[in-house]
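Chemist: FYI, our numbering numbers position 146 of the sequence shown as 146, with every residue one higher than the one before it.
Beta carbons are placed, not taken as given, at the ideal position from N, Cα and C, and that holds for glycine.
Below you will find the structure I want to go over with you.
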Amino acid sequence: MTAAKKVAVVTGSSRGLGAAIIRRLAQDGFHVVINYKSTRAAGEALAEDINSQYGEGRAIVVQADLTCFDDVKKLAEASIAFGAVTCLCLNAAHSPLTCLDTVTPQVYDDVFNANVKGHVFLIQALASHMPPQSSIVTISSSVTRQSTTPANLLFYTASKGALEQITRTLAKELGPKQIRINTISPGPILGEHYWQVVTTPEKKALWENFSPMKRVGEEAEVAAVVSFFAGPDSRWVSGQEIRVDGGAVV
């Protein structure tokens, strides 16, 4: 008997952490929906790689800007048409540098529309179509509680804190439908942002010293926790936050 097709949707997944999550979920047997806002070539290359490795039709690519409600609907409709969505991972984020003295209402709207509003309405669009034992994973950040939070990430940290609380609240609402929802809060990880910021030996040491393990995490280590939440071993876990940060926040 052929196993039932299971679909995972990952926002912001054409590159970086999102792409690592896509690769892990494809390895786990999911058909995957790759979402991008503007990096079309990266999304198509990732889909081609997944389809080449696991079989044609295992990955599709959907362009959607989560700050646009019509795009949110488009992503939801394309995902539902692809198959039964049993995993939704909300990874896309907007993180401009923002300080109180210079911030504008437009920047506030841009950050919260991307990091909170778009994801809430994507959950709304998909949840009623997700079967029992489905899983939703929101990606937050260790900066919501870390004492070394930079002062210039005012709205990013606030938006991620909002997403964490939304996750806890929706665990209550979605629980009766047997849909679980949890948060993963990564610490510093190797990736595009790391290589943009860590430009000196001193900055490298600073990032490594966030964790008592004295190193920076890897995208695959975060993706492994998404894999746990997407699978049956987490069927009694909901409304929780897991910090994948090497003990940086304890």
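Please identify the residue among 184, 219 and 200 whose C-alpha is closest to the C-alpha of residue 190.
Modeler: One-based indexing of the sequence shown puts residue 190 at position 190. Ranking the options by Cα distance to residue 190, first place goes to 219.
Chemist: Helix, strand or coil, according to DSSP, for residue 241 in the structure here?
Modeler: Residue numbering aside, residue 241 sits at position 241 when the sequence shown is read from its first letter. In this structure, residue 241 counts as strand in the three-state DSSP scheme.
Chemist: Mind the definition here: the region 181 to 201 touches the region 215 to 235 only if three or more C-beta pairs lie below 8 Å; say whether that holds.
Modeler: The region 181 to 201, when compared against the region 215 to 235, does touch it at the 8 Å Cβ threshold.
Chemist: What whole-angstrom Cβ distance do residue 68 and residue 137 have, given they're in contact under 8 Å?
Modeler: Residue numbering aside, residue 68 sits at position 68 when the sequence shown is read from its first letter. Residue numbering aside, residue 137 sits at position 137 when the sequence shown is read from its first letter. Not really, about 23 Å apart at Cβ, beyond 8 Å.
Chemist: For residue 228, I'd like the list of residues in its chain whose CB is within less than 8 Å of its CB, leaving aside the five on either flank, ordered along the chain.
Modeler: To locate residue 228, count along the sequence shown from 1; it is residue 228. The residues 234, in chain order, have a CB closer than 8 Å to that of residue 228 in the same chain once the five nearest residues on each side in sequence are set aside.
Chemist: What does a CB cutoff of less than 7 Å around residue 141 pick up in its chain, not counting 5 residues either side in sequence?
Modeler: Working through the sequence shown from its first residue, we reach residue 141 at position 141. So the list reads 160, 185 and 186, once near-sequence residues are dropped.
Chemist: Going residue by residue through the region 116 to 168, where are the continuous alpha helix (DSSP H) segments of at least 4 residues, counting only ones entirely within it?
Modeler: Within the region 116 to 168, the complete alpha helix (DSSP H) runs of at least 4 residues are 118 to 127.
Chemist: I believe residue 98 touches residue 155 by the beta-carbon criterion, under 8 Å. Please report the beta-carbon distance rounded to the nearest angstrom.
Modeler: Position 98 of the sequence shown, counted from the first residue, corresponds to residue 98. Position 155 of the sequence shown, counted from the first residue, corresponds to residue 155. Contact flag correct, Cβ pair sits at about 5 Å.
Chemist: Check whether the Cβ atoms of residue 59 and residue 41 lie closer than 8 Å to each other.
Modeler: Residue numbering aside, residue 59 sits at position 59 when the sequence shown is read from its first letter. Residue numbering aside, residue 41 sits at position 41 when the sequence shown is read from its first letter. Their beta carbons are not under 8 Å apart, which means residue 59 does not touch residue 41 by this criterion.
Chemist: Considering only DSSP beta bridges, list what residue 31 is partnered with.
Modeler: Position 31 of the sequence shown, counted from the start, is the residue given in the question as residue 31. 7.
Chemist: How many whole angstroms separate the CB atoms of residue 43 and residue 79, which I take to be in contact at a CB cut-off of 8 Å?
Modeler: Start at 1 with the first residue of the sequence shown, and residue 43 comes out as number 43. Start at 1 with the first residue of the sequence shown, and residue 79 comes out as number 79. About 14 Å; that fails the 8 Å criterion.
Chemist: Can you grab the Cα-Cα spacing for the pair residue 226 / residue 101, in whole Å?
Modeler: Within the sequence shown, residue 226 is the residue found at index 226, counting from 1. Within the sequence shown, residue 101 is the residue found at index 101, counting from 1. One C-alpha to the other measures close to 37 Å.
Chemist: Please name the residue, chosen from 175, 93 and 211, that lies closest to residue 153 on a Cα-to-Cα basis.
Modeler: Your numbering for residue 153 matches position 153 in the sequence shown. Selected option, being the one with the closest Cα: 93.
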